[in-house]
Amino acid sequence: MTVLMQSLDEYLSEYENKWPLSGTILVAQHGEVIFKKAYGYANIEHLVPNKVDTKFRIWSLTKSFTAMAIMMLHEQKLLDFDDRIRMYLPETAHLEDITIAHLLTHTSGLQNYTALPEYNKTLSKLRMTKQDVLALFINKPLTSAPGNAFEYSNSGYFLLGMLIEHITGVTFETYIQDNILTPLGMTNTGIDTNKTVIRNMSSSYHSTWEDFIQCEHMNMSSSFSAGAMYSTVDDLYKWDQALYGETLVSKATMKLAFTSNNFNYGFGWFLDEHCNRRRVHHGGAYRGCRSQMHRYPDDGVTVIALTNYDFVPILKLTESVATIFFGEDVHISDRPAAYPLDDDIYAKYIGTYEGFGCQAVVERNGDQLYFIWNAEEAIPYYPISETKFHHTWYDWECEFKYDKDGNISFLGMKKVK
Numbered sequence: 001m002t003v004l005m006q007s008l009d010e011y012l013s014e015y016e017n018k019w020p021l022s023g024t025i026l027v028a029q030h031g032e033v034i035f036k037k038a039y040g041y042a043n044i045e046h047l048v049p050n051k052v053d054t055k056f057r058i059w060s061l062t063k064s065f066t067a068m069a070i071m072m073l074h075e076q077k078l079l080d081f082d083d084r085i086r087m088y089l090p091e092t093a094h095l096e097d098i099t100i101a102h103l104l105t106h107t108s109g110l111q112n113y114t115a116l117p118e119y120n121k122t123l124s125k126l127r128m129t130k131q132d133v134l135a136l137f138i139n140k141p142l143t144s145a146p147g148n149a150f151e152y153s154n155s156g157y158f159l160l161g162m163l164i165e166h167i168t169g170v171t172f173e174t175y176i177q178d179n180i181l182t183p184l185g186m187t188n189t190g191i192d193t194n195k196t197v198i199r200n201m202s203s204s205y206h207s208t209w210e211d212f213i214q215c216e217h218m219n220m221s222s223s224f225s226a227g228a229m230y231s232t233v234d235d236l237y238k239w240d241q242a243l244y245g246e247t248l249v250s251k252a253t254m255k256l257a258f259t260s261n262n263f264n265y266g267f268g269w270f271l272d273e274h275c276n277r278r279r280v281h282h283g284g285a286y287r288g289c290r291s292q293m294h295r296y297p298d299d300g301v302t303v304i305a306l307t308n309y310d311f312v313p314i315l316k317l318t319e320s321v322a323t324i325f326f327g328e329d330v331h332i333s334d335r336p337a338a339y340p341l342d343d344d345i346y347a348k349y350i351g352t353y354e355g356f357g358c359q360a361v362v363e364r365n366g367d368q369l370y371f372i373w374n375a376e377e378a379i380p381y382y383p384i385s386e387t388k389f390h391h392t393w394y395d396w397e398c399e400f401k402y403d404k405d406g407n408i409s410f411l412g413m414k415k416v417k
């Protein structure tokens with residue numbers, strides 16, 4: 001084991017000893033896998049451990065594949081990035097100024113259907129047709145003029161999937177499989193449709209009090225081209241390597257995907273820096289599984305992390321692993337000390353908070369502080385400052401915030417009573 005591998009292994013082992021950890025992590029440089037290891041359980045009920053070939057839902061990392069499909073169609077001269085989407089999709093005839101590029105870069109101004117209360121509360125659990133999903137956002141007022149602002153939108157990438165199907169005459173699943181996954185040998189990657197058994201697929205978990213519970217059912221029909229894919233760290237590394245070559249599209253077209261607009265986003269990728277190095281990255285998170293794929297193209301370095309525990313801070317871990325790789329020190333946080341919070345202050349926080357179709361009921365029972373999430377999960381925590389609280393079991397903190405008028409919000413939701 002090299003010194004670098006040992007450093008990564010020691011860091012993650014120490015983290016696992018202090019905090020819950022589950023999933024798989026891969027680190028590579030210049031075509032060589034430096035580190036790869038699995039942690040925790042793919043299925044807790046049957047004590048099935050995660051392996052390096054365990055599959056996980058990757059959610060919004062799907063967008064990088066959707067964007068690639070659009071770029072491939074562009075190279076086949078079947079579309080231009082500046083084309084108005086109304087040229088292809090009759091349902092968007094009234095959206096005169098939205099282009100394909102706007103959808104790719106989250107600058108369309110379309111309202112994000114996955115942030116709607118009715119979606120999070122009930123619709124995400126149901127099988128929905130494309131027209132059902134379109135009805136959630138297609139006739140709603142734009143939040144901004146196309147091209148004027150970055151607003152992350154699953155709606156835009158849902159439309160891109162419909163556009164792919166319209167132009168090619170095949171399903172999104174078939175196009176991605178035949179034109180990307182099969183040519184790259186990504187045999188452990190696909191579209192989750194809830195209609196087939198996916199072998200070696202991890203189960204998804206959250207928690208209540210200090211124990212695991214299964215995540216709510218999610219019908220993947222409404223995720224579609226915005227987030228319905230699953231994969232493994234090895235397959236995603238094949239994806240990473242393909243982005244350096246010209247197997248799928250030319251380097252000139254690929255460069256467009258990694259060219260930042262005014263909002264640090266290209267075609268299906270966030271573009272920024274970490275450790276003073278250029279970074280191309282994306283992730284996904286919903287209903288248990290979380291994914292992160294971070295590429296440092298100037299250094300030939302890739303870090304990929306997948307988890308099936310909703311509360312594992314996979315973004316922080318991915319960045320920490322990269323920081324260690326680049327020779328900087330990373331310290332694992334100890335459990336923060338409790339803050340002697342005045343009872344009167346906590347009494348102000350007690351109540352019901354609602355937003356995005358979600359609800360948090362902040363309560364207290366003697367010395368036990370907690371909130372009930374969506375009437376199903378009890379999240380115990382303790383104060384670490386006047387406004388911040390830390391979970392009693394895993395590596396997560398939250399905060400109560402006051403606006404200029406003294407109104408309180410929690411987890412981005414307003415207090416309603």
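Counting with UniProt numbering, you get residues 1 to 417 for the letters of the sequence shown.
We treat Cβ as the ideally placed atom computed from N, Cα and C, and that holds for glycine.
When DSSP states are grouped into helix, strand and coil, Val27 belongs to the strand group. Taking 4 residues as the shortest admissible run, the region 335-373 contains the following complete alpha helix (DSSP H) segments, listed from N- to C-terminal end: 343-349. Boundaries of the beta strand (DSSP E) harbouring Tyr205: Tyr205 to Thr208, taken from the DSSP string.
Listed in chain order, the beta strand (DSSP E) runs fully inside the region 184-248 are 205-208, 211-214 and 229-231, counting runs of at least 3 residues.
Under the three-state reduction of DSSP output, Thr307 falls in the strand class. A direct Cα-Cα distance of roughly 35 angstroms separates Asn188 from Thr92. Counting the other CB atoms within 10 Å of its CB gives Gln6 a total below 16, which places it among the exposed residues. Residue burial annotation: Thr114 is buried, with at least 16 other C-beta atoms found within 10 angstroms of its C-beta. In the structure shown, Arg279 falls within a strand segment according to DSSP collapsed to helix, strand and coil. According to the DSSP assignment, His46 belongs to no alpha helix (DSSP H), since it is labelled neither H nor E. One alpha carbon belongs to Asn194, the other to His274, and they sit about 37 angstroms apart. Counting the other CB atoms within 10 Å of its CB gives Trp209 a total below 16, which places it among the exposed residues. Between Leu26 and Phe35 the beta-carbon gap is near 7 angstroms, inside 8 angstroms, which marks them as a contact. For Ile324, the three-state secondary structure derived from DSSP is helix. DSSP, reduced to helix, strand and coil, places Glu75 within a helical segment of the structure shown. Secondary structure note for Ile379: its beta strand (DSSP E) is the uninterrupted segment Glu377 to Pro383. Ser225 places its beta carbon 8 angstroms or farther from that of Lys55. Within its own chain, the residues whose Cβ lies closer than 6 angstroms to the Cβ of Ile164, once the five positions on either side in sequence are excluded, are Ala69, Phe172 and Tyr175, listed in chain order.
Setting aside the 5 residues that flank it on each side, Glu96 is surrounded in the same chain by Arg84 and Arg86, each with a C-beta closer than 8 angstroms to its C-beta; the list follows chain order. For Lys388, the enclosing beta strand (DSSP E) stretches over residues Lys388 to His391.
Two segments are said to touch when three or more pairs of C-beta atoms, one from each, lie closer than 8 angstroms; by this definition the region 98-110 touches the region 140-151. In the DSSP assignment, Gly284 forms a beta bridge with Ser291.
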